[in-house]
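**Student:**
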Amino acid sequence: MNILITDITQLLTLKGPKAARISKNLSELSIVKNAALYIEDEKIKYAGKESDVIKRIPKNDKHINIKANGVVMPAFIDSHTHTVFARPRLLDFEMRANGKSYLDIKKAGGGINRSARDIKEASKKILAQNLKYFAQKFIECGTTTVEVKSGYGLDLINEIKMLEVVKETAPVIPLDMIPTFLGAHSIPKKFSSSKEYLKYLKDKVLPAVAQKKLAKYVDIFVDDGHFGIDESVDYLEYAKKLGFIARVHCEQLAHSGGSYVASMVKAVSADHLDFADSNDIKRMVKSGVSAIFLPASNYFMGVLKYPRARNFIENGANVVLATDFNPGTSPCWNMQFVLSVAVNYMKMSVEEAIVASTYNAACVLGVNNSVGMIIPNMQADLVVMDVKDYREIAYYFGDNLNKITIKKGRIVYDKSNTF
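Read left to right, the sequence shown gives residues 210 to 628 (our numbering).
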């Protein structure tokens, strides 16, 4: 049924060109006060001043009427998650609380390799149940599109298993999931070197993922203790020949050259970027590589160093925020919390953080022609927030301020269950 939303204190339309918002444009929300919007089928039909919208609706029209009494904005788009996993890494959590570093935990058998052992033991049924549960949590917090990585399988059978769980679960949940193959996440013990493992991925796994059409992107972890610069460039160039779009995990643990890899292969994004320097930033901008920041991971790991968001913004980078939801370093599905961390620790404005977690994220995932703005003919993916002023979304942290989530014109979450 069609939906009319009235009594909107601030409608954040994000109206503008269908391209990533950079520099000063990153803070443009195109706000309409005292607004309303009308949804017909899956799309936004009208959006603007309440008096103008109501005039355009036929008197005998049948629709659901929602009184927002708060802010309405595009639903969040989470462009970096590891949402398929078997169980939380609670032992890693305890070790970190006792002062152990990321690499200490990895050397002790924890980290990514612990999740890989869990994936091998888990059935597709269990993984699908977990994915459905996490999907509901994303939806409750106002996210309607997520990127989902593999990367805890680390062999042909289990990487395929993870990606098939995403593909098979997608039709039964109201959350769009865009898959990424991250086989190059860590080096399994049975391989003598990163070179040997990457050869295995190129020979056996990448062709199978491509043949089954299980992923849009290919990602690699370029950092200390993982994969090097030259071999990563070679691997991603090979993946691109198979039709994949390149992405890179980089500069999280140290300044290791991963952003250089991203620029060399013209990856769609470089993610983390805690240790990226000015030369990295300029190179990324020149190559058209988007910067995805994952500050919830820094927060959870107790890391004091955050990406230099202001430098990226001032140099004209496409800046994006995501949760990095995963079982080891960021068990956070709430983008509202990410906004708060970005504002308080990375000195982004609230406006910049909102655009970075909605429309700019849509640009990275290639879905910006349908979601990320609230204007006529765009898909109706939006949220009703229990705040009168959009700045409260980043101000009040530790709670879910979302009241209603609408996906493709359908209410998929309602905190009150009444209108």
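We put the CB at the ideal spot given by N, CA and C, even for glycine.
(1) For I366, collect the residues of the same chain with a Cβ closer than 8 Å to its Cβ; drop the 5 residues on either side in sequence, then sort them by chain order.
(2) Using a 10 Å radius around the Cβ and a threshold of 16 neighbouring Cβ atoms, would you call S332 buried or exposed?
(3) Just verifying my parser: in three-state terms, what is the DSSP assignment at S288?
(4) Going by beta carbon distance, what residues of the same chain come within less than 6 Å of V529, once the five residues before and after it are set aside?
(5) Out of Y247, Q461, I438, point me to the one whose CA is closest to I266's CA.
(6) Judging by CA-CA distance, which residue of M510, M557, N577 is the nearest neighbour of I522?
(7) Here's the rule I'm using: 16 or more other beta-carbon atoms within 10 Å means buried, otherwise exposed. How should V381 be labelled?
(8) Since S549 and F484 are thought to touch, with beta carbons under 8 Å apart, how far apart are those beta carbons, to the nearest angstrom?
(9) Return the CA-CA distance between K252 and A284, expressed in angstroms with no decimal places.
(10) Note the first and the last residue of the continuous beta strand (DSSP E) segment covering M493.
(11) Apart from the five residues on each side of it in sequence, which residues of its chain come closer than 7 Å, Cβ to Cβ, to V596?
(12) Can you name the start and end residues of the beta strand (DSSP E) that E356 belongs to?
(13) Please state whether DSSP places A571 in a helix, a strand or coil.
(14) Assuming contact is defined by CB atoms lying nearer than 7 Å, are S395 and I321 in contact in what I supplied?
(15) Output needed for S506: all residues of its chain with C-beta closer than 6 Å, excluding positions within five of it in sequence on either side, in chain order.
(16) What does DSSP give as the partner residue(s) for I584 in the beta ladder?
(17) Y622 lies in the beta strand (DSSP E); which residues open and close that run?
(18) Rounded to whole angstroms, what is the Cα-Cα separation between K227 and I583?
(19) By how many angstroms is the C-alpha of I615 removed from the C-alpha of V621?
(20) Do you know offhand how far P585's Cα is from V593's?
(21) From the DSSP output, in three-state form, read off L299 for me.
(22) Could you name the residues of the same chain whose beta carbon sits closer than 8 Å to that of G362, not counting the 5 residues immediately before and after it, in chain order?
(23) What is the rounded straight-line gap between the Cα of K398 and the Cα of M587?
(24) For F294, decide whether its Cβ has a neighbour in chain D, counting only Cβ atoms nearer than 7 Å.
**Tutor:** Inspection of the coordinates gives the following:
(1) By 1-based counting over the sequence shown, the position of residue 366 is 157. No residues qualify anywhere along the chain.
(2) As a position in the sequence shown, residue 332 is number 123, starting the count at 1. Exposed: under 16 other Cβ atoms inside 10 Å.
(3) Along the sequence shown, one-based indexing puts residue 288 at 79. Looking at S288 - three-state DSSP - the assignment turns out to be coil, as it is neither helix nor strand.
(4) Stepping through the sequence shown from its first residue, residue 529 is reached at position 320. Once the five neighbours on either side are set aside, the close Cβ partners of V529 are S288, S499, I501, A565, N569, A570, V573.
(5) For this step, residue 266 is matched to residue 57 along the sequence shown. The shortest Cα separation from I266 among Y247, Q461, I438 belongs to Y247.
(6) Position 313 of the sequence shown, counted from the first residue, corresponds to residue 522. Nearest option by C-alpha distance: M557.
(7) Looking up residue 381 in the sequence shown gives position 172. Exposed: under 16 other Cβ atoms inside 10 Å.
(8) Looking up residue 549 in the sequence shown gives position 340. Looking up residue 484 in the sequence shown gives position 275. Actually they do not touch by this definition, with Cβ atoms about 23 Å apart.
(9) Locating residue 252 in the sequence shown gives position 43, where the first residue counts as 1. Locating residue 284 in the sequence shown gives position 75, where the first residue counts as 1. When rounded, the distance between both Cα atoms is 14 Å.
(10) As a first step, residue 493 must be located in the sequence shown, where it is residue number 284. Per DSSP, M493 belongs to no beta strand (DSSP E); it is in the alpha helix (DSSP H), 487 to 496.
(11) Walking along the sequence shown from the start, residue 596 turns up at place 387. These residues qualify, in order along the chain: G279, V280, I602, L610.
(12) One-based indexing of the sequence shown puts residue 356 at position 147. 352 to 358 is the extent of the beta strand (DSSP E) around E356.
(13) In the sequence shown, residue 571 corresponds to position 362, counting from 1. Helix at A571.
(14) In the sequence shown, residue 395 corresponds to position 186, counting from 1. In the sequence shown, residue 321 corresponds to position 112, counting from 1. In this structure, I321 lies closer than 7 Å to S395 by Cβ.
(15) One-based indexing of the sequence shown puts residue 506 at position 297. Cβ within range, chain order: D533, T538, S539.
(16) By 1-based counting over the sequence shown, the position of residue 584 is 375. Answer is none; I584 lacks a bridge partner.
(17) Position 413 of the sequence shown holds residue 622. Counting along the chain, the beta strand (DSSP E) containing Y622 begins and ends at 619 to 623.
(18) Taking the first residue of the sequence shown as position 1, residue 227 is located at position 18. Taking the first residue of the sequence shown as position 1, residue 583 is located at position 374. Their backbone Cα atoms lie some 12 Å apart in a straight line.
(19) For the purposes of this step, residue 621 is taken as residue 412 along the sequence shown, with counting starting at 1. For the purposes of this step, residue 615 is taken as residue 406 along the sequence shown, with counting starting at 1. Cα-Cα distance, rounded: 6 Å.
(20) As a working note, residue 585 is residue 376 in the sequence shown. As a working note, residue 593 is residue 384 in the sequence shown. Between P585 and V593, the C-alpha separation is close to 18 Å.
(21) Taking the sequence shown and counting its residues from 1, the one referred to as residue 299 is at position 90. Note: L299 maps to helix in three-state DSSP.
(22) Within the sequence shown, residue 362 is the residue found at index 153, counting from 1. Hits under 8 Å: A325, I328, K329, E368, I369, K370, M371, G392.
(23) As a position in the sequence shown, residue 398 is number 189, starting the count at 1. As a position in the sequence shown, residue 587 is number 378, starting the count at 1. Cα-Cα distance, rounded: 48 Å.
(24) You won't find chain D in this structure, because it holds only one protein chain.
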